[in-house]
Ligand code: CTP
């Protein structure tokens, strides 16, 4: 049997269910899934700052049962060499990148998958920022109310 290899690229910061759904669908497309996780330096070059450092993001992605191998994504150009180096059959990524990697079509199949709705790292970061901007006194008061409610339920 010939093994079918799928590859994808991404930051996977604050790992969420949209990432999980994507990795599951990618694993169903072949026999081996390689994930290239963007390094902090590569993200910096794109003006993107992650909350979780590369070492932790790559460990999390590596531990997902759908993933067979994690490699660092360090440049835009490496896709061309990776596809050849790992004998990739399918390059797949979320549809937010639609059309951007069609140049790989000479080397492998290129697929853009629909994103999971209503979740993204950007949204999670916004929620965290909103939460952190709540004055401390208001938070303490809210926790006190929650504690009273919890006691009521006991
Ligand atoms: N992805 C997805 N569904 C989501 C969020 C992400 O399918 N709701 C996919 C992206 O299309 C990409 C991969 O997950 O192929 C990694 O995306 P990444 O940019 O790391 O995650 P986002 O949540 O989109 O992060 P950001 O908001 O910073 O762009």
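In this note's numbering, the protein residues as written are 23 to 176.
The beta-carbon is built from N, C-alpha and C at its ideal position, and this holds for glycine as well.
Separation of residue 31 and residue 68 (C-alpha to C-alpha, rounded to the nearest whole angstrom) is 14 Å.
Residue environment: residue 50 is assigned as exposed (fewer than 16 neighbouring CB atoms within 10 Å of its CB, all protein chains considered). Using a C-beta cut-off of 8 Å, the stretch 76–86 makes no contact with the stretch 107–119, since fewer than three inter-stretch Cβ pairs fall below that distance. Listed as beta-bridge partners of residue 54 by DSSP are 27. Residue 154 and residue 130 have their C-alpha atoms some 45 Å from each other. Spatial neighbours of residue 105 in its own chain (CB-CB distance under 8 Å, excluding positions within 5 residues in sequence) are listed in chain order as 29, 113, 126, 129, 130. Counted as a single uninterrupted DSSP element, the alpha helix (DSSP H) harbouring residue 82 occupies residues 76–85.
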